[in-house]
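*Asks:* For the record, in the sequence shown the residue sitting at position 49 is 106 according to our numbering, with numbers rising by one throughout. Here a beta-carbon is modelled for each residue, glycine too, at the ideal position from N, C-alpha and C. Source: prediction; values computed, not measured.
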Amino acid sequence: MLENNEPIQGLDQARVFSVMVEQIPWPNLRAYVQANAQVMKLCSVGGYRLEPKTRDRIHRVLLREAQKAEFSQAFCNGLFVPWYPSHTELHKTIEDYFHSEEYKKHRETNNLGEDVYVLPDDVFERFFKVNDLEKWHVLLCFSPLQFTKSQAQKLVSETGGNAELISRLRDMEARMQDLDKEHNRLLSEHQTIKSQYEQASAATQESRKVERTLRTDYAGLEKKLEVSQAENRRLRERIQDLEKTQAQAATLLAEQMAQTTTRLERDTQRVTAERDAWQIKYEQLRGENRELERKLHEAKQQIHAAEHQLQQLRAEMEHLSSFPALLFNKFDWPKVGAQLKLTPALSRQFNSLIRKLSYEQDRSLTIEGTLPQFWERLMTTERDLIDNIAKSNSREVMKGNAEKYWMDLTDSFEDVRIGLEARTILLKMLHEIFYQILELDDLEAPIVPLGKTKDTGI
């Protein structure tokens, strides 16, 4: 037995290796190069890419590396593995045999291991074909299949003895290919002529069929004409009925339109009357609004005058602000209240001023807790009114009714007017009492003496 990759006399391994590489499908060859780092580096030196157009260069690199490795099994097996199944017929023939019962018996008879693959001479003769000589050379050099020396010698001798035969066979194959091309051309012309003849025959038959069809169609059209004429008569009768129905519907529609027109005229008159009434109301509201604007203007003028007067009074109050505590110790409040002869509204305001008096215990009153609070309440109402007037545009919209908004402010105008009168009266009263009770000499003393009150019998 010849071991795998054992040098064989008379057989050029480099040529066989090149044949094997050329027959490997491109995707498998590219995958082998990418998996082998050293080969990949050599193939891509110089910026070359792994493309089908650079396959010749890759073949030269692989052959050079294989020669360096002396066509070792470790290097060549990676290329044989994708080459072997690419030859479907040879691959199937050999693999089917190695998986058959025949080979199993042969292996048991010769005590062969499971990893040993040998073809008996009779099987080799049965499988071997001269046309597959190059494939068998690849199997002889690079496959795990072990050949006998006689089998190897036959493969080598077939290489030299059958070279001329192979050349003649190739010439014959080329000649056969030319003859096949000529045969195919003539066959194609024959098919073309036959197809044209069949088309002409088919056209003739088609014309006859068309003629028969036209005659049949003509008869059918005559029947259809009769049917359509009858349908025409029926449609004319139907149209007459529809015209009568349409005339009746038009009469009914005219009556309904007249009724609708009358009703719409009445509705229009009613809406016009309502519009006129609303127009009158609108004019009235405009007049009332103008009157309210006039009153508002007058009120603003009054407020302005009152504010001017108030500023004068405040100036006077600032002049007198250092004396109220001294003055109140000298007032006879019951007598003052009786002499004022106030209106009920002013009386309520004045009573809030003296609400802390105790007529049973003493007749003195401090100003810290009463007069400032009373005065501030009067001014708060005034400030609120001025704020409502200044922001009336936005607050009218928030209220939703301008007339109601100004009606609600009527009481505020009255309260402010009463407050102004109350403050005026109070200032006058304080001014008069101040000069009635105190003398200028008393103001120079560190303590103001108590007022001389008359005995009231209390």
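Residues in the same chain with beta-carbon distance under 6 Å from residue 160, minus the five sequence neighbours each way, listed in chain order, please.
*Replies:* Position 103 of the sequence shown, counted from the start, is the residue given in the question as residue 160. These residues qualify, in order along the chain: 154.
*Asks:* Assign residue 141 to one of three DSSP states: helix, strand, or coil.
*Replies:* Walking along the sequence shown from the start, residue 141 turns up at place 84. Residue 141: helix per DSSP, three-state reduction.
*Asks:* Considering only residues of the region 69-133, which uninterrupted alpha helix (DSSP H) runs meet the minimum length of 4 residues and lie entirely inside it, listed in chain order?
*Replies:* Runs of the alpha helix (DSSP H) lying entirely within the region 69-133, each at least 4 residues long, are 70-80, 83-92, 94-101, 112-125 in chain order.
*Asks:* Compute the beta-carbon to beta-carbon distance between residue 116 and residue 157, rounded to the nearest angstrom, for a pair I have assumed lies under 8 Å.
*Replies:* Walking along the sequence shown from the start, residue 116 turns up at place 59. Walking along the sequence shown from the start, residue 157 turns up at place 100. Going by Cβ atoms, the distance from residue 116 to residue 157 rounds to 36 Å, so no, they are not a contact pair.
*Asks:* Would you say the region 130-144 touches the region 80-94, given that touching needs at least three Cβ pairs under 8 Å?
*Replies:* yes
*Asks:* Can you tell me which residues form a DSSP beta bridge with residue 175?
*Replies:* Residue 175 sits at position 118 when you count from the first residue of the sequence shown. According to DSSP, which records beta bridges pairwise, residue 175 is partnered with 203.
*Asks:* So, at 6 Å on beta carbons, what are the nonlocal neighbours of residue 68 in its own chain, with the 5 sequence-adjacent residues on each side left out?
*Replies:* Counted from its first residue, the sequence shown places residue 68 at position 11. These residues qualify, in order along the chain: 213.
*Asks:* Is it the case that the Cβ atoms of residue 463 and residue 349 are separated by a distance below 8 Å?
*Replies:* If you number the sequence shown from 1, residue 463 lands on position 406. If you number the sequence shown from 1, residue 349 lands on position 292. The answer is yes: Cβ separation under 8 Å.
*Asks:* According to DSSP, simplified to helix, strand and coil, what is residue 157?
*Replies:* The count along the sequence shown starts at 1 and reaches residue 157 at position 100. Reduced to three states, the DSSP call for residue 157 is coil.
*Asks:* Can you tell me where the alpha helix (DSSP H) holding residue 465 begins and where it ends?
*Replies:* As a first step, residue 465 must be located in the sequence shown, where it is residue number 408. Run containing residue 465: 459-465, per the alpha helix (DSSP H) assignment.
*Asks:* Touching or not, the region 436-446 and the region 467-480, by the rule of three or more beta carbon pairs under 8 Å?
*Replies:* Counting C-beta pairs closer than 8 Å gives three or more between the region 436-446 and the region 467-480, which meets the contact rule.
*Asks:* Beta carbon of residue 73, beta carbon of residue 198: below 8 Å?
*Replies:* On the sequence shown, residue 73 is found 16 positions in, with the first residue counted as 1. On the sequence shown, residue 198 is found 141 positions in, with the first residue counted as 1. Against a cut-off of 8 Å, the Cβ pair of residue 198 and residue 73 comes out as a contact.
*Asks:* Which residues in the same chain as residue 509 place their Cβ atom closer than 7 Å to its Cβ, once the five residues preceding and following it in sequence are excluded?
*Replies:* Position 452 of the sequence shown holds residue 509. In this predicted model, residue 509 has a pLDDT of only 46, less than 50, meaning its place in the structure is not dependable; the value taken from the coordinates is given anyway. Answer for residue 509: no residue qualifies.
*Asks:* Using 8 Å as the threshold, is the region 182-201 in touch with the region 141-155, meaning 3 or more CB pairs across them?
*Replies:* yes
*Asks:* Taking DSSP as the reference, what is the three-state secondary structure of residue 192?
*Replies:* Working through the sequence shown from its first residue, we reach residue 192 at position 135. In this structure, residue 192 counts as helix in the three-state DSSP scheme.
*Asks:* Which class does residue 251 belong to by DSSP, given the choice of helix, strand or coil?
*Replies:* Here residue 251 refers to the residue found at position 194 when the sequence shown is read from its first residue. If DSSP states are grouped into helix, strand and coil, residue 251 belongs with the helices.
*Asks:* According to DSSP, is residue 170 helix, strand or coil?
*Replies:* Reading the sequence shown from its first residue, position 113 is the one you call residue 170. It is coil, neither helix nor strand.
*Asks:* Could you name the residues of the same chain whose beta carbon sits closer than 8 Å to that of residue 91, not counting the 5 residues immediately before and after it, in chain order?
*Replies:* Counted from its first residue, the sequence shown places residue 91 at position 34. Closer than 8 Å at Cβ, skipping near neighbours: 97, 107.
*Asks:* Report yes if the C-beta distance between residue 140 and residue 180 is below 8 Å; otherwise report no.
*Replies:* Taking the sequence shown and counting its residues from 1, the one referred to as residue 140 is at position 83. Taking the sequence shown and counting its residues from 1, the one referred to as residue 180 is at position 123. Their beta carbons are not under 8 Å apart, which means residue 140 does not touch residue 180 by this criterion.
*Asks:* On the criterion of 16 or more Cβ atoms from any shown chain inside 10 Å, does residue 118 qualify as buried, or is it exposed?
*Replies:* The residue you call residue 118 lines up with position 61 of the sequence shown. Buried.
*Asks:* Less than 8 Å between C-beta atoms, sequence neighbours within five positions excluded: which residues of the same chain meet that for residue 359?
*Replies:* Indexing the sequence shown from 1 puts residue 359 at position 302. So the qualifying residues of the chain are 474.
*Asks:* Taking the beta carbon of residue 24 as the centre, do at least 16 other beta carbons fall within 10 Å, making it buried, or is it exposed?
*Replies:* Here the chain covers residues 58 to 515 and nothing more, so residue 24 does not appear.
*Asks:* At the level of alpha carbons, what is the spacing between residue 148 and residue 246?
*Replies:* Sequence index remark: in the sequence shown, residue 148 carries index 91 (1-based). Sequence index remark: in the sequence shown, residue 246 carries index 189 (1-based). Going from the Cα of residue 148 to the Cα of residue 246 covers about 40 Å.
*Asks:* Express the C-alpha separation of residue 129 and residue 70 in angstroms, rounding to a whole number.
*Replies:* Position 13 of the sequence shown holds residue 70. Position 72 of the sequence shown holds residue 129. Approximately 11 Å, taken between the alpha carbons.
*Asks:* Using alpha carbons as the reference points, say which of 152, 203, 170, 171 lies closest to residue 177.
*Replies:* Within the sequence shown, the letter at position 120 stands for residue 177. For the residues 152, 203, 170, 171, the minimum Cα distance to residue 177 belongs to 203.
*Asks:* Taking the alpha-carbon positions, what's the residue 340 to residue 485 distance?
*Replies:* By one-based count along the sequence shown, residue 340 stands at place 283. By one-based count along the sequence shown, residue 485 stands at place 428. Cα atoms of residue 340 and residue 485: separation of roughly 47 Å, rounded to the nearest angstrom.
*Asks:* Measuring only the C-alpha atoms, how far is residue 122 from residue 250?
*Replies:* As a working mapping, residue 122 is identified with position 65 in the sequence shown. As a working mapping, residue 250 is identified with position 193 in the sequence shown. So the two alpha carbons sit approximately 59 Å from each other.
*Asks:* Can residue 460 and residue 345 be called in contact, C-beta distance under 8 Å?
*Replies:* Mapped onto the sequence shown, residue 460 falls at position 403. Mapped onto the sequence shown, residue 345 falls at position 288. It is a contact, given that the beta carbons lie within the stated cut-off.
*Asks:* Look at the alpha carbon of residue 282 and the alpha carbon of residue 314, and state the distance between them as a whole number of angstroms.
*Replies:* Along the sequence shown, read from residue 1 onward, the residue named residue 282 stands at position 225. Along the sequence shown, read from residue 1 onward, the residue named residue 314 stands at position 257. Answer to the nearest angstrom: the Cα atoms are 45 Å apart.
*Asks:* In the DSSP assignment, find the alpha helix (DSSP H) that holds residue 187 and state where it starts and stops.
*Replies:* The residue labelled residue 187 in the question sits at position 130 within the sequence shown. Unbroken run through residue 187: none, as it is neither H nor E.
*Asks:* Helix, strand or coil: how does DSSP classify residue 448 here?
*Replies:* On the sequence shown, position 391 is the one that residue 448 refers to. Note: residue 448 maps to coil in three-state DSSP.
*Asks:* Taking 8 Å as the threshold (beta carbon to beta carbon), is residue 340 in contact with chain C?
*Replies:* Protein chains in the displayed structure number just one, and chain C is not present.
*Asks:* Within 10 Å of its beta-carbon, does residue 258 have 16 or more other beta-carbons around it, so buried, or fewer, so exposed?
*Replies:* Taking the sequence shown and counting its residues from 1, the one referred to as residue 258 is at position 201. Flag for residue 258 reads exposed.
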